[in-house]
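For the sequence shown, our numbering gives the first residue as 13, with consecutive numbering after it.
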Amino acid sequence: MQSGISASEELVAQFNTLLSSASEIFGLIVTIERESLVPVTTLPKSSSSFAENLASLEPHIKPNVALYVLLRRYPDAPGLVAVTYVPDSAPVRQKMLFASTRLTLVRELGSEHFRDTVFATTPEELSESGFKKHDAHNKIDAPLTEEERTLGEVKRAEQEAGSGTGSREIHLSKNFSMPMPEDAIAALTEVGQDGGRTVVMLKINAEKETIELVPESPNPGSISELTQVISSTEPRFTFYRFVHTHNGVESSPVLFIYTCPLTPGNKSIKNRMLYPLMKRTVLEIAEKQASLKLEKKFEVEEPGEVTEQSVLEDLHPKVTARQGFSRPKRPGR
């Protein structure tokens, strides 16, 4: 995904200074402002040791602010490492923006200057021990092996999927599957029907490895009422038929909202891996088996981040007057 953001002239100038001042400057901090990559400050070089120079970075690392850091690490070219720091507590839009722009930053400044790129979410990852772990990880032949092994730890016998009420298997791979019960699929079908359910909320039972229908049956009449009934402590897949009137015309689009609140319990491996992995297949079940036509999809941390204004702006974007392209006339006319 590309963000459309580019490097500013100020950043290019500061970066050239970083390249030409090997004995004075250790690094350069970069951020995004007004659709542009801009420099924040340079980091002084106080030692020939990379680990000792990292101390100058510590005051700039905040628990809820994303940034880029370009560090001089290797004595021979290419000598730089490009760090993208995106903490879990940063705003969702900021996280998406910084993650989608990281390749643009390296490309516009010249990828030939960078030997390595690092994606970090905690200050500890930018310490001496954090870089050592990153180096060790890079030496692993198959980087996904650990993730696959972790995912395997939450796998249980597939025969349990058929226990209880009738269910349909959701297959992520040959080694992982998770059932969605028929009552959940039936509830999803109702959301797409006039006079049916207004909202359906689904959750993952990590212990039983099933997708479950949240038993509550609220009937919210607005987005604000909806966000109040979505759990603020556990992740949820929410399908909502938003009945509203815009410019005198009533419509009832179905919205999908994926929420994953930042609470300690949701930082476990199971929640961090199962919900993102299951999101795509849950959507497939909703669209193909429950015949839901989803008008808009939202992915946020806290339910309150979804507001009626933001939803309406997405559903009914304002049409701005744009000057059409004028085809040049042919010569002689």
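Cβ atoms here follow ideal geometry from the backbone N, Cα and C, with glycine treated the same way.
On a predicted model such as this, the values are computed, not experimentally measured, just so you know.
Separation of residue j from residue i, as counted between CA atoms
i    : j    : result
A102 : A25  : 28 Å
T54  : H146 : 24 Å
C272 : V241 : 14 Å
I197 : F254 : 19 Å
N388 : S58  : Coverage of the chain is limited to positions 13 through 345, which leaves residue 388 absent and any answer about it impossible.
V50  : M290 : 37 Å
S175 : P193 : In this predicted model, S175 has a pLDDT of only 38, less than 50, meaning its place in the structure is not dependable enough to derive any value.
V203 : A298 : 10 Å
S243 : A89  : 51 Å
Y252 : E325 : 17 Å
L115 : F62  : 24 Å
P191 : K215 : 12 Å
V266 : H256 : 11 Å
R84  : L327 : 46 Å
Reduced DSSP secondary structure (H/G/I, E/B, other) of residue i
i    : result
P231 : The amino acid occupying residue 231 in the given sequence is Asn; Pro does not appear at that position. If DSSP states are grouped into helix, strand and coil, N231 belongs with coil.
A302 : coil
E320 : helix
L138 : helix
S20  : coil
E296 : helix
K330 : coil
P4   : The shown model of the chain, from 13 to 345, leaves out residue 4, and the question about it has no answer.
L274 : coil
For residue i: DSSP bridge partner residues
i    : result
T129 : A94
G267 : A small correction: the amino acid at residue 267 is Leu; Gly does not occupy that position in the sequence shown. For L267, which the question treats as bridged, DSSP gives the partners Y252, K308.
K262 : The question names Lys, but residue 262 in the sequence shown is Glu. Paired residues: T257.
Alpha helix (DSSP H) runs contained entirely in the stretch 193-259, provided each spans 4 or more residues: 194-203, 235-241
Completely contained alpha helix (DSSP H) runs for the stretch 26-111, where each covers 4 or more residues: 62-65
The stretch 316-333 contacting the stretch 210-221, beta-carbon criterion three pairs below 8 Å: no
At least three beta-carbon pairs within less than 8 Å, the stretch 293-308 to the stretch 225-239: no
Touch test, the stretch 129-143 against the stretch 35-49, Cβ-Cβ under 8 Å, three pairs minimum: no
The stretch 310-319 touching the stretch 204-214, judged by at least three CB pairs closer than 8 Å: no
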